[in-house]
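Data block below; observations after.
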Amino acid sequence: NELQQSLYHEAMIMGGLDHPNIIPIHQIIIEKNQPSVVMKRVQGKTFKEYIHEGCSVLDAINVILQISHAVEYAHQRGIIHRDIKPSNIMIGNFNEVYLLDWGIAIDQRNMQNAMSGLVGSPSFMAPEMLCGDPSKVTEQTDIYLLGSTLHYALTKERRHEAESFAKLFTLIEDSPPIEYAPNIPVEVAMLLNQTCHKKPEERPNSVHDFRKQLMDIRDYWQAIQL
């Protein structure tokens with residue numbers, strides 16, 4: 061069934077990704093056409109829980125910087141995650157950070173198996189995801205999702221919120237720039253609005269570029285706080 065296919069797809073994607081910010085798969089077992097996955101056990105909390113416990117701006121930025129390493133690594137192997145959001149990021153008891161839930165990820169080397177239709181989380185998604193065509197999803201889509209995840213971490217509000225699906229989808233499609241509160245450094249606000257631009261070509265060219273900009277902002281901000 062669809063759930064089993066998704067689990068098998070996720071296991072195959074994760075099994076091919078060996079990175080410190082991705083939970084390692086130990087074994088994929090298929091018995092009577094029923095897949096099961098054995099992976100490293102991690103205890104901790106989701107980034108969403110961490111945010112609502114009151115993490116600082118710097119802590120939030122550092123989590124996103126770590127996750128961006130995993131996303132860049134995946135992109136180098138042709139994998140687009142498609143569902144980056146706070147509840148899909150886990151922080152272990154020893155402050156290790158993992159990007160979870162690769163069930164709707166796209167393997168650009170195997171597009172015939174890419175799940176089509178409206179998939180992902182509307183509150184965070186990029187405009188090009190609305191059409192449901194996986195061929196429209198690119199590295200810039202994950203960059204948008206990193207931006208909308210950091211937006212939530214800093215504001216405790218979803219990037220897209222509306223009282224009806226019609227208004228929500230219009231908001232996603234338009235992705236207007238947001239005016240941030242004074243507690244958000246202006247450089248971070250500018251980067252977030254660039255990262256969540258409605259046009260993919262206006263976003264950072266790569267996750268590496270996004271991370272470099274965010275790291276420079278963090279380092280400068282840390283220096284002036286000292």
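Letter by letter, the sequence shown follows residues 61 to 286 of the numbering used here. Beta carbons: idealized from backbone N, C-alpha and C, even for Gly.
Any chance you could list the alpha helix (DSSP H) runs of at least 4 consecutive residues sitting entirely within the region 89-175, in chain order? 107-112, 117-136
Can you check which of these residues, I238, K145, Y110, I166, is closest to I73 by C-alpha distance? I166
S208: first and last residue of the uninterrupted alpha helix (DSSP H) it sits in: 199-215
If the criterion is Cβ atoms closer than 8 Å, does the pair G207 and L252 meet it? yes
Enumerate in chain order the residues of its own chain whose CB-to-CB distance from I244 is below 6 Å, with the five nearest sequence positions on each side excluded. L214
In whole angstroms, what is the alpha-carbon distance linking G177 and D193? 7 Å
How should R114 be labelled, buried or exposed, when 16 other C-beta atoms within 10 angstroms of its C-beta is the threshold for buried? The question names Arg, yet the displayed sequence has Gly at residue 114. Classification for G114: exposed.
Measure the C-alpha to C-alpha separation of Q200 and K258 and round it to an integer number of angstroms. 11 Å
Roughly how far, in whole angstroms, is the beta-carbon of I124 from the beta-carbon of T209, given that I think they are within contact range, below 8 Å? 7 Å
Only counting the same chain, and skipping five residues up and downstream in sequence, which positions put a Cβ closer than 6 Å to that of W281? P245
Nearest neighbour of D202, chosen from A134, H268, R271, R142 [CA to CA]: R142
How big is the Cα-Cα spacing for I284 and E247? 13 Å
Can you name, in chain order, every residue of its own chain whose Cβ lies under 8 Å from the Cβ of S147, other than the five neighbours on each side? T106, F107, K108
Nearest to I82 by alpha carbon, out of L190, A186, I149? I149
May I ask whether a heavy atom of the ligand MN can be found less than 7 Å away from the beta carbon of I139? Within the structure as shown, the ligand MN is missing, as the structure has no ligands at all.
Decide yes or no for the touch test of the region 115-134 against the region 181-196: beta carbon pairs closer than 8 Å, at least 3 of them. no
N- and C-terminal bounds of the alpha helix (DSSP H) containing D234: 225-234
Counting C-beta neighbours from all protein chains within 10 Å, is the total for K145 16 or more, i.e. buried, or is it exposed? buried
If you check the beta carbons only, do Y204 and R271 fall under 8 Å apart? no
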